[in-house]
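Heads up: the sequence shown at position 174 corresponds to 1372 in our numbering, and the numbers run straight through without jumps.
C-beta: ideal position from N, C-alpha, C; glycine also.
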Amino acid sequence: MAEAEIHTGPHSNVNTGYYFLREQEKMSEWDRLDRLHNGINNFLEGKLALVDIGEPLKFLDLGCGSGAWAVQAASMYPQACIIAADIKPLPDRPLPSNIHYQMLDLLNPIPLAQGIQEDTFDVIHMRLVLYHIPRNRIRNVLIFAASLLKPSGSLLIEDAGKWFDFQGPAMAFYHKVHIEMLIAKGLDPLIGEHLEEYLHDEADKFQNIQAKCVCLTLAADHERAGTAHDLRNFSDVMHNTLRGLVQSGISQDHAAAGITPQLQQTWLEESNDPNRWSSHNWWFVACQKVE
Ligand SMILES: C[S@@+](CC[C@H](N)C(=O)[O-])C[C@H]1O[C@@H](n2cnc3c(N)ncnc32)[C@H](O)[C@@H]1O
1199 MAEAEIHTGP HSNVNTGYYF LREQEKMSEW DRLDRLHNGI NNFLEGKLAL VDIGEPLKFL
1259 DLGCGSGAWA VQAASMYPQA CIIAADIKPL PDRPLPSNIH YQMLDLLNPI PLAQGIQEDT
1319 FDVIHMRLVL YHIPRNRIRN VLIFAASLLK PSGSLLIEDA GKWFDFQGPA MAFYHKVHIE
1379 MLIAKGLDPL IGEHLEEYLH DEADKFQNIQ AKCVCLTLAA DHERAGTAHD LRNFSDVMHN
1439 TLRGLVQSGI SQDHAAAGIT PQLQQTWLEE SNDPNRWSSH NWWFVACQKV E
């Protein structure tokens, strides 16, 4: 692929309308995403996925955010080409030479960007991206991903599922407002729970669908997350991610939906209280493009 074909740098006039975190301060978002990646990476014992992905030569990270997953792929597979695509630019920091940024709007991925061609990728990864895609466009995004994969190529999706067992009134109320806001925007707040179904609906495109749900207990008292070290660590990382998210401010969408500074403050107090907790499902889903 010619380097010149890869677009880099900041992009203006990009419609990020469904991305409700869009107006928050970028560096804190990237920092938070880096930390979440490191936590998930620990949980996966340094691997890129729960499943065996073989020896890929071409990766695509759709909705790459800070680029942390792509950077890890680039370091683990120095011979491979990694394309990190997002509607927003990557942070301005040094990147391995085998990683290339491509601006891409998954809601309007045409014309196919140079470097992102059909039937060329061994692995496509999407983490916490479908959470930001409207329900009625998710199928199109999966079909788009299928078109880019080589036959037998792997599609790896990680996303949030349901939150439940709120032991704190502000946590429960904040969650209710958040979910209502997402639904009103046409998004699927339970996307993780529905991924298998979406993929089974495209049985002519995907095979070997595997899904694993990890239930995380988010609590200031780490012991509530269980005795397994990896699960406790992952739960802590997710808890800190959410605390960072709430602490970073109130997005326009959240403010319009009814999140107030007072609710934000009480949520943070509850999340610091060792007698309070909530549970959160995280999904790792993998499948292969049919041969
Ligand atoms: C929560 S972040 C996750 C980032 C990254 N996958 C990770 O796990 O660190 C969601 C990412 O999806 C991107 N995104 C949202 N809507 C998008 C769209 N329509 N097309 C491409 N990227 C999009 C956002 O810009 C953001 O970087």
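message: For a quick check, are the C-beta atoms of Leu1260 and Leu1304 less than 8 Å apart?
response: The residue you call residue 1260 lines up with position 62 of the sequence shown. The residue you call residue 1304 lines up with position 106 of the sequence shown. In contact: Leu1260 and Leu1304 (Cβ atoms closer than 8 Å).
Determine the DSSP secondary structure at Ala1358, reduced to helix, strand or coil.
Position 160 of the sequence shown, counted from the start, is the residue given in the question as residue 1358. Ala1358: strand per DSSP, three-state reduction.
### Message
Please determine whether the Cβ atom of Lys1286 lies at a distance below 7 Å from any heavy atom of ligand 1.
### Response
For the purposes of this step, residue 1286 is taken as the residue at position 88 of the sequence shown. Correct: Lys1286 has its Cβ closer than 7 Å to ligand 1.
Would the beta-carbon of Met1301 fall within 8 Å of that of Ile1280?
-> Here residue 1301 is taken as the residue at index 103 of the sequence shown, counted from 1. Here residue 1280 is taken as the residue at index 82 of the sequence shown, counted from 1. Going by C-beta atoms, Met1301 is not nearer than 8 Å to Ile1280.
message = According to DSSP, is Asp1434 part of a helix, a strand, or is it coil?
response = As a first step, residue 1434 must be located in the sequence shown, where it is residue number 236. In the structure shown, Asp1434 sits in a helix (DSSP, three-state: H, G or I).
- prompt: What residue from Phe1342, Glu1356, Ile1336 and Leu1328 has the CA that sits closest to Lys1487's CA?
  reply: On the sequence shown, position 289 is the one that residue 1487 refers to. Of Phe1342, Glu1356, Ile1336 and Leu1328, the residue nearest in Cα terms is Phe1342.
Q) Apart from the five residues just before and just after Leu1397, which ones in its own chain have a Cβ nearer than 6 Å to its Cβ? A) By one-based count along the sequence shown, residue 1397 stands at place 199. Once the five neighbours on either side are set aside, the close Cβ partners of Leu1397 are Phe1404, Ile1407 and Cys1485.
request  = Drop a sphere of 10 angstroms on the beta-carbon of Lys1256, count the other beta-carbons inside from all chains shown, and report buried for 16 or more, exposed for fewer.
outcome  = One-based indexing of the sequence shown puts residue 1256 at position 58. Looking at its Cβ environment, which holds 16 or more other Cβ atoms inside 10 Å, Lys1256 is buried.
>> I'd like the span of the beta strand (DSSP E) that includes Met1321, first residue to last.
In response: As a working note, residue 1321 is residue 123 in the sequence shown. One point to set straight first is that residue 1321 is Val, not Met, in the sequence displayed. That run of the beta strand (DSSP E) goes Phe1319 to Arg1325.
**Item:** Cβ-Cβ separation, Gln1365 to Arg1474 (assumed contact under 8 Å), whole Å
**Value:** The residue labelled residue 1474 in the question sits at position 276 within the sequence shown. The residue labelled residue 1365 in the question sits at position 167 within the sequence shown. About 5 Å separates the two Cβ atoms, so the contact holds.
Which stretch, first to last residue, makes up the alpha helix (DSSP H) that contains Gln1374? The residue given as residue 1374 occupies position 176 in the sequence shown. Rather than Gln, the amino acid found at residue 1374 in this sequence is Lys. That run of the alpha helix (DSSP H) goes Pro1367 to Ala1382.
Checklist line | Range covered by the alpha helix (DSSP H) that runs through Thr1464 | finding: For this step, residue 1464 is matched to residue 266 along the sequence shown. Pro1459 to Asn1470 is the span of the alpha helix (DSSP H), which, as asked, contains Thr1464.
When every heavy atom of ligand 1 is checked, does at least one fall within less than 7 Å of the C-beta of Trp1481? Numbered from 1 along the sequence shown, position 283 holds the residue referred to as residue 1481. No, the beta carbon of Trp1481 sits no closer than 7 Å to any heavy atom of ligand 1.
| task | Provide the residue(s) that pair with Val1483 in DSSP beta bridges, ordered along the chain. | result | In the sequence shown, residue 1483 corresponds to position 285, counting from 1. Bridge partners of Val1483: Ile1355 and Ala1409.
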